[in-house]
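To start, the structure itself, in structure tokens.
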Amino acid sequence: VYILGIETSCDETAVAIVKNGKETIANVVASQIESHKRFGGVVPEIASRHHVEQITMILEEALTEANMTMEEMDAIAVTEGPGLVGALLVGVNAAKALAFAHQKPLIGVHHIAGHIYANRLEKEFQFPLLSLVVSGGHTELILMEEHGDFKVIGETRDDAAGEAYDKVARTLQLPYPGGPKIDQLAKEGEASILFPRAWLEDGSYDFSFSGLKSAVINTLHNAKQRDKVIKKEDLAASFQESVVEVLVKKTFKAAEQFDVKQVIVAGGVAANSGLRTALEETFADKKFELMIPPLPLCTDNAAMIAAAGTIAYEQGHRAAWDLNANPSLDIEIYSARSNK
Ligand code: ATP
Ligand code: MG
Ligand code: FE
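Residues in the sequence shown are numbered from 6 upward in steps of one, following the UniProt record's numbering.
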């Protein structure tokens with residue numbers, strides 16, 4: 006089974022071809038980071054325009070890279086949500102046009118299901134499986150009993166982990182996207198400042214990062230007022246330690262409670278070196294198999310959409326021609342529905 010995947014939910018225009026949901030045949034990603042940098046974040050209108058300009062070329066590139074034609078594809082899978090509505094619409098309409106012109110089935114994919122299925126391009130899933138989703142817009146613990154089945158057991162009540170990284174980075178006047186920069190600085194610093202850890206109520210798998218973000222901003226502000234110098238590196242290391250400790254401990258606890266076979270990590274923040282190291286140490290005894298995607302599969306790409314789309318295709322889900330972009334698509338609703 007060959008699935009062509011299209012992803013345009015945010016600021017990456019991406020097209021990929023995946024075989025049997027497991028093997029990447031082509032994976033082309035055009036990032037718009039340079040265009041959004043001077044605004045300090047993604048500007049939705051600019052993102053949409055770039056997607057329109059890029060999508061045809063990226064599609065051609067993916068087919069060339071795979072040395073395949075559209076006729077050889079079994080279906081077209083596209084991110085239908087969540088994300089920026091104008092950005093999503095470019096991918097959805099491109100997918101519809103392709104599917105219609107080439108008489109192929111059309112499949113709508115949830116962006117976070119995609120992030121999770123990026124892991125299956127490396128190794129087969131074993132259920133029950135726990136996924137720690139840490140991206141620019143999401144921080145969730147998701148339990149899977151079988152393919153295509155997603156149950157949210159915990160989620161952030163305010164900021165997402167990646168969002169907290171980006172906001173703290175902005176306070177430190179680091180260029181967008183700040184996550185990788187903080188990661189770099191943290192390596193050179195010492196976690197000498199004790200920031201709060203938001204454990205929330207006993208037994209809760211929810212997260213909260215806005216208090217931590219405020220604590221970092223206040224620390225910087227107070228230091229400035231007293232002419233005290235705080236090393237950016239130490240601040241980054243202390244912030245990162247607080248984020249990582251909560252993520253890792255809650256993930257481990259959930260893995261034990263739900264007695265899962267695998268623990269997988271998904272989303273852009275899965276690229277964080279501090280998080281990767283802490284997870285590897287915590288799960289070193291191999292009681293649960295830990296999977297973290299290679300760096301290029303952590304952030305947005307279309308191979309992950311094709312991989313998740315393959316499952317939907319095999320389960321018989323088909324989108325109708327009125328498939329629309331859904332900027333706030335819920336993963337449990339996506340999981341439950343059968344869009345045959
Ligand atoms: P979502 O997937 O929730 O819709 P998104 O697609 O914008 O959001 P991703 O592409 O999954 O998010 O990830 C981007 C986020 O990951 C950004 O917030 C970025 O700062 C963060 N990020 C990337 N690399 C690192 C890193 N090494 N350390 C920390 N954060 C990182
Ligand atoms: Mg992005
Ligand atoms: Fe994403």
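Note that beta-carbon positions come from the ideal geometry of N, C-alpha and C, so glycine has one too. Keep in mind the model is a prediction, meaning the values are calculated, not measured.
Backbone secondary structure at residue i - three-state DSSP
i: G119; result: helix
i: N344; result: Reliability of the predicted coordinates at N344 is poor, the pLDDT of 44 falling under 50, and no value is obtained from them.
i: M75; result: helix
i: S278; result: helix
i: C15; result: coil
i: G184; result: helix
i: A99; result: helix
i: Q59; result: helix
i: A325; result: coil
i: F212; result: strand
i: V90; result: helix
i: H152; result: coil
i: P332; result: coil
i: E337; result: helix
i: L179; result: coil
i: F105; result: helix
i: E285; result: helix
i: G46; result: coil
i: A165; result: coil
i: Q189; result: helix
i: G194; result: coil
i: L64; result: helix
Enclosing beta strand (DSSP E) for residue i [first to last residue]
i: N32; result: E28 to S36
i: L137; result: L134 to V139
Segment limits, alpha helix (DSSP H) that includes residue i
i: I8; result: Where I8 is concerned, there is no enclosing alpha helix (DSSP H), although the beta strand (DSSP E) it sits in stretches over Y7 to E12.
i: E250; result: K237 to Q262
i: Q230; result: S215 to Q230
i: I310; result: A308 to E319
i: L302; result: L300 to C303
Residue(s) in a DSSP beta bridge with residue i
i: G159; result: L146
i: I22; result: L9 and A31
i: V173; result: Answer is none; V173 lacks a bridge partner.
i: G113; result: V83
i: E294; result: Q267
i: F200; result: Answer is none; F200 lacks a bridge partner.
Contact check, residue i vs residue j, beta carbons under 8 Å
i: K236; j: G208; result: no
i: H143; j: G272; result: yes
i: A341; j: V114; result: no
i: S265; j: F288; result: Per the sequence shown, the amino acid found at residue 265 is Val instead of Ser. Against a cut-off of 8 Å, the Cβ pair of F288 and V265 comes out as no contact.
i: R125; j: G26; result: yes
i: H96; j: T13; result: Going by the sequence as given, residue 96 is Gly instead of His. Cβ atoms of G96 and T13: closer than 8 Å.
i: I158; j: A99; result: no
i: L137; j: L148; result: no
i: I81; j: K109; result: yes
i: A92; j: P49; result: yes
i: L177; j: P201; result: no
i: A71; j: A123; result: no
### Query
In chain order, what residues place their C-beta within less than 5 Å of a heavy atom belonging to the ligand FE?
Cβ-based neighbours of the ligand FE within the cut-off: S140 and D305.
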